[in-house]
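The numbering of the sequence shown is the working numbering, which starts it at 3 and goes up by one. Even for Gly, the Cβ is constructed at its ideal location relative to N, Cα and C. As the structure is a computational prediction, the values presented were derived from the model and not from experiment. Heads up, the thing below is written out as structure tokens.
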Amino acid sequence: MNPDYYQAWCSRGVSAINSASYDPFQANLNYIVKQNLELNKRGYEGALASYRKGLKYIYQNIHQEGWGFLHQSIGKAHYFEWKYHQRKNAQYWHEAIEEYNEAYKTLKDYPEAHLDLLRDFTRAYLDVDKHEQAEELQRKTWDIFQDLLNKQPSLEKKKQFSLKYVWLEQLTVDLALRKGELITAWQLAEKGKNACLTWLLAGWREKTEINSPNYQQIQQLLASTTAIIYWHISFNGLNTFILKHGVEVPILVTTPIATKDEQHPEALERLDWFENGVKYWNRQYIEYRSQEEENQLTKIEHPWRTGMPQQLTSLKNILSIQEIEKHLTGIEQLILVPHRDLHRFPLHALFSEKVEIVYLPSLQMGLSLQKVQRDETAKPFLLSVEAPNSEGLPPLNFAILESGTICKFFSNNKRLQGDVATKEQVATEIANSYNTLHFAGHGLYNFHDPKNSELALSGKDRLTLAEIRQQNLSHYQLVTLSACETAITGNQSITTEYVGLVSGFLSVGVSHVVSTLWTVESAASALVMIEFYRRWLAGTSKAKALAETTHWLRNLTVSELKEWYKNLLNQLSLNEGKIRPFIKTEIRKLNKIEQQDKKLYKHPYYWAAFIITGNI
């Protein structure tokens, strides 16, 4: 290790915090560690040892930025030790401020490092309710940010810079909450969300160009039986705004805000549980997805699936769902607006089944959808894109049954199957006068550039989100992405806002999108899609039809499923050469199951993935 390389000392300190023990063999390979046994410490003490040892080699007059950064790192170590472990001992907080002041001596000359340091100052002052100091720092931070933003050489650079410093918006929300300004806090959260969605979907726009509603405008979305559950995640906690018709200010549900002498505030503890839970979910899910599709037994027994019920129970506690439900008496419809990593989870599964639930990326998008003029009474006209032969992606075994049956529900339909589902063909047809799109194929999410998220078509053909957004699709009352995995599938953390295929379709006027958070076993997915369409086309609202269908699936027994298949078989004509043999094979498989009252799909893996996003 080069001793005057400050990044190495900073990384070593972070590693000391995150590791439980040291490796004696590795330690003996490092001369500096051999000569300084205190560097073998771990946790808070180990981090301080690394940072302080680094300052022996990093001089203020030679390595100004590195010297300041090491002092900032010492300050952060003190701050987090105080915040999470030593809340009753204010000395840790004061030592953090002292180190931040040392860091300021040099980092003030490095604008981006200066911004990060001011963030740490502001968080520390907010935590002890020193609002005036926090506000002054916040104003200073915004001035520096705006100056740096104006110097960015291109619109793309402006976008990336703004997304990098989105925590500025989150701190502003925190400050308003601490001052009890609930309407201001919610409006700031919504404006920040709409800014991120705009930048990620359409590219850079100035804040003044971004539409965002005020609290009174949101009343347009709300009937007396409708409520909005709006989450906001920040450095300081998980906050939930409940917006209801006729209520003058949002209802805030949060874990108790601690006084400065409390040992371990519940809000921080729950945020810590949530962040660790997200990491665990991601790690397990990545491993689960890497399993071979052919080895279904291994996948069924994987911890991601077996542990899902407990994970959802924990999430329900972390989000204080029981406390939220105390404010929902008389509510029949819920609009859920997740934030950041909450987009990964089936939040609807945490609430009562009696409530009709839709999701929205933002409330501004909900208002925009209400303004779209479309004929909701028009006869359904279906475009069905079925099982494209996508290169490098696994086949969808039940797609033929699913799409073939659904098309029977529509007297007017157009089918693009297999090799016919090329990019040119799909792009041409999607612009025509259909009002329902059913896509039974794979969707691919691009975390780093959401505009390049795509629908996988025949061969190597792909239709990207950016290309979809070139179309006016306001005549579509429904888009169904039956096998697309619309949640994040990597180990990335969502620090800004989630944008994917669903948001893209809604942004060009589609009324509702039905999608899945993860790829569900093909048989269960086909059952949900067929039954959902049947119920919706019979006159049930889309949200209610999906809720009824997933409730039906989770309670469906083997014997009931056999009868369902037999009824479906009787409805098909004799010339349905591909579908009829498929159904008969499934019935034979079900006959071999001894426990005929077994509920095959009661596990949340099968039913919780399906969500509906869009107009209420």
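Just to confirm my understanding: we take Trp306, look at its own chain, exclude 5 residues before and 5 after, and list those with CB closer than 6 Å. What are they?
Stepping through the sequence shown from its first residue, residue 306 is reached at position 304. Excluding residues within five positions, the ones whose Cβ falls inside 6 Å are Gln286, Tyr287, Tyr290.
For Trp233, which residues in the same chain have their Cβ closer than 6 Å to its Cβ, ignoring the five residues on either side in sequence?
Residue numbering aside, residue 233 sits at position 231 when the sequence shown is read from its first letter. Answer for Trp233: Thr242, Pro340, His341, Leu344, listed in chain order.
Ignoring anything shorter than 4 residues or poking outside the segment 264-332, list the alpha helix (DSSP H) runs there in chain order.
For the segment 264-332, whole alpha helix (DSSP H) runs of length 4 or above, ordered along the chain, are 268-292, 298-302, 305-308, 310-320, 323-327.
Is DSSP giving Asn448 helix, strand or coil here?
By 1-based counting over the sequence shown, the position of residue 448 is 446. Of the three classes helix, strand and coil, the one that applies to Asn448 here is coil, per DSSP.
Alpha carbon to alpha carbon, what distance is there between Gln162 and Tyr102?
In the sequence shown, residue 102 corresponds to position 100, counting from 1. In the sequence shown, residue 162 corresponds to position 160, counting from 1. Their Cα atoms are separated by approximately 27 Å.
With respect to the beta strand (DSSP E) encompassing Leu240, which residues constitute its N-terminal and C-terminal limits?
Within the sequence shown, residue 240 is the residue found at index 238, counting from 1. Where Leu240 is concerned, the enclosing beta strand (DSSP E) stretches over 239-246.
With DSSP as the reference, label Arg471 as helix, strand or coil.
Indexing the sequence shown from 1 puts residue 471 at position 469. Note: Arg471 maps to coil in three-state DSSP.
His553: buried (16+ other C-beta within 10 angstroms of its C-beta) or exposed?
Taking the first residue of the sequence shown as position 1, residue 553 is located at position 551. Classification of His553: exposed, given that the 10 Å Cβ count is below 16.
Quick one: what's got a C-beta closer than 7 Å to Phe347's C-beta in the same chain, skipping five residues either side?
On the sequence shown, residue 347 is found 345 positions in, with the first residue counted as 1. These residues qualify, in order along the chain: Leu317.
For the alpha helix (DSSP H) containing Val16, name the first residue and the last one.
Within the sequence shown, numbered from 1, the residue matching residue 16 stands at position 14. Per DSSP, Val16 belongs to the alpha helix (DSSP H) from 8-20.
Less than 8 Å between the beta carbons of Ile408 and Ser435, yes or no?
Numbered from its first residue, the sequence shown carries residue 408 at position 406. Numbered from its first residue, the sequence shown carries residue 435 at position 433. No. Outside cutoff.
Note down, in chain order, each residue of its chain lying with its Cβ closer than 6 Å to the Cβ of Pro26, except the 5 sequence neighbours on either side.
The count along the sequence shown starts at 1 and reaches residue 26 at position 24. Low confidence applies here, because Pro26 scores a pLDDT of 48, under 50, leaving its location unreliable; read the following figure in that light. Cβ neighbours of Pro26 beyond the five flanking positions: none.
Quick one: grab the DSSP three-state call for Leu529.
Translated into the one-based positions of the sequence shown, residue 529 becomes position 527. Three-state DSSP puts Leu529 in a helix.
Look at the alpha carbon of Lys381 and the alpha carbon of His477, and state the distance between them as a whole number of angstroms.
Along the sequence shown, one-based indexing puts residue 381 at 379. Along the sequence shown, one-based indexing puts residue 477 at 475. Straight-line Cα distance between these residues: approximately 12 Å.
State the DSSP-derived secondary structure class of Phe441, mapped to helix, strand or coil.
On the sequence shown, position 439 is the one that residue 441 refers to. Strand.
Looking at Val388: is its Cβ nearer than 8 Å to the Cβ of Ala429?
Residue 388 sits at position 386 when you count from the first residue of the sequence shown. Residue 429 sits at position 427 when you count from the first residue of the sequence shown. In the sequence under discussion, the amino acid at residue 388 is Glu, which differs from the Val named in the question. Not a contact, by the Cβ cut-off of 8 Å.
Can you confirm whether the segment 120-139 touches the segment 92-109 when touching is taken to mean that 3 or more C-beta pairs between the two stretches lie within less than 8 Å?
Yes, they touch.
Verify whether the separation of the beta carbon atoms of Leu254 and Ile230 is less than 8 Å.
On the sequence shown, residue 254 is found 252 positions in, with the first residue counted as 1. On the sequence shown, residue 230 is found 228 positions in, with the first residue counted as 1. Not a contact, by the Cβ cut-off of 8 Å.
My understanding is that His440 touches Ser405, with C-beta atoms under 8 Å, so please give their C-beta distance in whole angstroms.
To locate residue 440, count along the sequence shown from 1; it is residue 438. To locate residue 405, count along the sequence shown from 1; it is residue 403. Yes, they are in contact, since the Cβ atoms of His440 and Ser405 sit about 7 Å apart, within 8 Å.
Can you pull the DSSP bridge partners for Gly461?
The count along the sequence shown starts at 1 and reaches residue 461 at position 459. Bridge partners of Gly461: Ser392.
Since Phe612 contacts Leu548 with CB under 8 Å, what's their CB separation in whole angstroms?
Locating residue 612 in the sequence shown gives position 610, where the first residue counts as 1. Locating residue 548 in the sequence shown gives position 546, where the first residue counts as 1. Between Leu548 and Phe612 the Cβ distance is about 6 Å, and since that is below 8 Å, they are a contact.
Check whether the segment 350-366 touches the segment 199-219, taking contact to mean three or more Cβ pairs, one atom from each stretch, closer than 8 Å.
Flag = yes, the segment 350-366 and the segment 199-219 touch.
Do Lys453 and Glu431 come within 8 Å of each other at the CB atom, strictly closer than that value?
In the sequence shown, counting from the first residue as 1, residue 431 sits at position 429. In the sequence shown, counting from the first residue as 1, residue 453 sits at position 451. For Glu431 and Lys453, no; Cβs fall outside 8 Å.
From Leu202 to Trp566, what distance separates their C-alpha atoms?
Here residue 202 corresponds to residue number 200 of the sequence shown, with the count starting at 1. Here residue 566 corresponds to residue number 564 of the sequence shown, with the count starting at 1. Taking the straight line joining both Cα atoms gives about 44 Å.
Rounded to the nearest angstrom, what separates Gln265 and Glu47 at their Cα positions?
For the purposes of this step, residue 265 is identified with residue 263 of the sequence shown, where counting begins at 1. For the purposes of this step, residue 47 is identified with residue 45 of the sequence shown, where counting begins at 1. Because the pLDDT at Gln265 is just 44, under 50, the model does not fix this residue reliably, and the value given afterwards should be weighed accordingly. Rounded to whole angstroms, Gln265 to Glu47 spans 19 Å at the Cα level.
Here's the rule: buried if 16 or more other CB atoms are within 10 angstroms of the residue's CB, otherwise exposed. What is Ile64?
Numbered from 1 along the sequence shown, position 62 holds the residue referred to as residue 64. Burial call: exposed.
Using 7 Å as the cut-off, classify the Cβ of Leu321 as near or not near the heavy atoms of the ligand FAD, replying yes or no.
In the structure on display, the ligand FAD does not appear, and there are no ligands present to speak of.
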